[in-house]
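Numbering (my numbering), first residue to last: 109 to 219. See below for the structure under consideration.
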């Protein structure tokens, strides 16, 4: 890029001028403000990304834990037993009787 300025003296002069311009802008607060804004945006974006990643990991962990717990219970036969007991009670009419009794009590309470 500096080859466009020809001689070494021209390149040195261009670098000094660019440095001087940068210093003047810094003194005016323009570069300070741009740098500060960039830092704030970077920080805000980093926090949002970290929060989003944390949420995704938490959701994934919770689903994995629930799935694992369900698998362990199923393996132990607990869920199979509960399902089987419910089926047997329904087949025997116990749940139907309880439901009917509940309906009768509700109806008798109504004036």
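Note that the Cβ used here is the ideal one computed from N, Cα and C, for glycine as well.
For this session: Ignore the nearest five residues each way along the sequence and tell me which others in residue 134's own chain have a CB closer than 7 Å to its CB.
Result: Looking up residue 134 in the chain shown gives position 26. For residue 134, where only same-chain residues beyond five positions count, the Cβ hits under 7 Å are 140.
Exercise. So the alpha helix (DSSP H) residue 68 belongs to, where does it begin and stop?
Worked result: Any answer about residue 68 is impossible in this case: the structure gives the chain only from 109 up to 219.
Exercise. Alpha carbon to alpha carbon, what distance is there between residue 162 and residue 150?
Worked result: As a first step, residue 150 must be located in the chain shown, where it is residue number 42. As a first step, residue 162 must be located in the chain shown, where it is residue number 54. Cα to Cα, the separation comes out at about 18 Å.
Exercise. CA-CA distance, residue 119 and residue 146?
Worked result: Here residue 119 is taken as the residue at index 11 of the chain shown, counted from 1. Here residue 146 is taken as the residue at index 38 of the chain shown, counted from 1. Distance between the alpha carbons of residue 119 and residue 146 is about 30 Å.
For this session: With DSSP collapsed to three states, give me the class of residue 153.
Result: As a first step, residue 153 must be located in the chain shown, where it is residue number 45. DSSP places residue 153 in the helix class (H, G or I) of the three-state scheme.
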